[in-house]
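Residue numbers (the numbering used here): 5 to 262. No residue lacks a Cβ here, since even glycine has one placed at the ideal position from N, Cα and C.
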């Protein structure tokens with residue numbers, strides 16, 4: 005009986021010892037979990053700070069001609085933000101074309117009655133996301149980011165990527181633009197957006213595309229390419245414009261582009 009009683013007392017003591025130690029064991033087990041949550045919170049804070057700093061650069065109010073790029077490591081993409089150089093003086097616009105080596109945009113010899121020069125615009129060059137230049141710039145920004153998920157900087161440029169002229173009559177406008185073509189790393193085919201209609205035409209012996217009914221501000225567009233000079237041309241108007249398809253074709257033909 006004494007042996008049995010002694011054994012029971014010893015067993016009870018062991019159970020009591022383990023029972024009193026269990027809070028310490030639980031605390032030790034919880035430590036890695038707390039550390040993990042703290043690390044996650046720290047990473048989240050760091051990402052938010054990176055993003056805030058990058059957006060501050062990218063969305064900062066810009067002077068005419070300023071261009072910025074932002075790298076987003078969450079989807080491995082680049083976005084571009086700029087303010088174009090704009091003037092309402094025809095002679096000044098001509099000087100800007102020369103200064104920034106802008107794409108050649110010949111003013112039309114014919115315009116519908118009542119339309120006059122309103123403004124000229126010079127846009128900085130930035131790459132299309134399917135272009136080889138975009139892929140090269142993406143790698144550069146990834147390297148410069150040095151492990152950051154978000155990174156932004158100002159881009160310097162000397163040659164314009166696009167130029168545009170706007171002619172107006174009362175509240176209606178005609179916008180002409182010329183853009184430098186970019187070599188893509190894959191074949192790209194223009195497709196109509198939701199509700200948009202495409203019609204193939206011929207302008208000065210070159211195939212053109214007449215687009216209507218899009219949701220864009222300039223929803224009616226006549227587009228064609230000059231492969232020799234590697235330029236894309238576009239004439240566009242508002243959806244409610246009274247100008248017809250024939251009017252846009254006549255404007256394009258009067259520009260005399262090959």
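Considering just the uninterrupted stretch of the beta strand (DSSP E) at residue i, what are its terminal residues?
i	result
residue 176	176 to 184
residue 163	Where residue 163 is concerned, there is no enclosing beta strand (DSSP E), given that its DSSP letter is neither H nor E.
residue 125	120 to 127
residue 72	71 to 76
residue 85	81 to 86
residue 91	89 to 91
Distance, Cα to Cα, residue i vs residue j?
i	j	result
residue 191	residue 225	22 angstroms
residue 4	residue 153	The question about residue 4 has no answer here: the residues shown for the chain are numbered 5 through 262.
residue 91	residue 50	42 angstroms
residue 244	residue 219	12 angstroms
residue 11	residue 42	Here residue 11 scores only 41 on pLDDT, less than 50, and its place in the model should not be relied on; the value that follows carries that caveat. When rounded, the distance between both Cα atoms is 47 angstroms.
residue 208	residue 257	6 angstroms
residue 71	residue 227	26 angstroms
residue 159	residue 73	7 angstroms
residue 96	residue 46	53 angstroms
residue 58	residue 254	46 angstroms
residue 81	residue 204	33 angstroms
residue 65	residue 206	42 angstroms
residue 52	residue 156	14 angstroms
residue 139	residue 234	20 angstroms
residue 54	residue 143	19 angstroms
residue 250	residue 60	46 angstroms
residue 98	residue 197	34 angstroms
residue 170	residue 214	19 angstroms
residue 236	residue 141	22 angstroms
In the DSSP assignment, find the alpha helix (DSSP H) that holds residue i and state where it starts and stops.
i	result
residue 95	94 to 103
residue 142	136 to 149
Only counting the same chain, and skipping five residues up and downstream in sequence, which positions put a Cβ closer than 7 angstroms to that of residue i?
i	result
residue 259	110 and 112
residue 9	Below a pLDDT of 50, predicted positions are generally treated as unreliable, and residue 9, at 43, falls in that range; the measurement from the model is reported next regardless. No residues qualify anywhere along the chain.
residue 165	127, 128, 129, 130, 183 and 184
residue 123	90, 91, 92 and 170
Closest to residue i by CA distance: which of the options is it?
i	options	result
residue 248	58, 116 and 108	116
residue 173	70, 250, 91 and 118	118
residue 210	229, 97 and 196	229
residue 201	212, 187, 216 and 188	216
residue 93	121, 108, 69 and 232	121
residue 151	231, 77 and 237	77
residue 102	162, 212, 66 and 205	162
residue 252	134, 114 and 123	114
residue 79	212, 198 and 146	146
residue 68	100, 56, 83 and 75	100
residue 132	149, 83, 195 and 232	83
residue 75	212, 149 and 231	149
CB-CB under 8 angstroms to residue i, same chain, minus the five flanking residues each way: which ones, in chain order?
i	result
residue 222	179, 240, 241 and 242
residue 246	176
residue 63	85
residue 189	134, 135, 136 and 139
Can you find the residues in the same chain that come closer than 6 angstroms, C-beta to C-beta, to residue i, ignoring five residues on each side of it along the sequence?
i	result
residue 125	88, 90 and 168
residue 187	136
residue 238	181, 225 and 227
residue 104	126 and 164
residue 107	167, 182, 184 and 235
Tell me the start and end of each unbroken alpha helix (DSSP H) in the region 192 to 260 that is at least 4 residues and wholly inside, in chain order.
249 to 258
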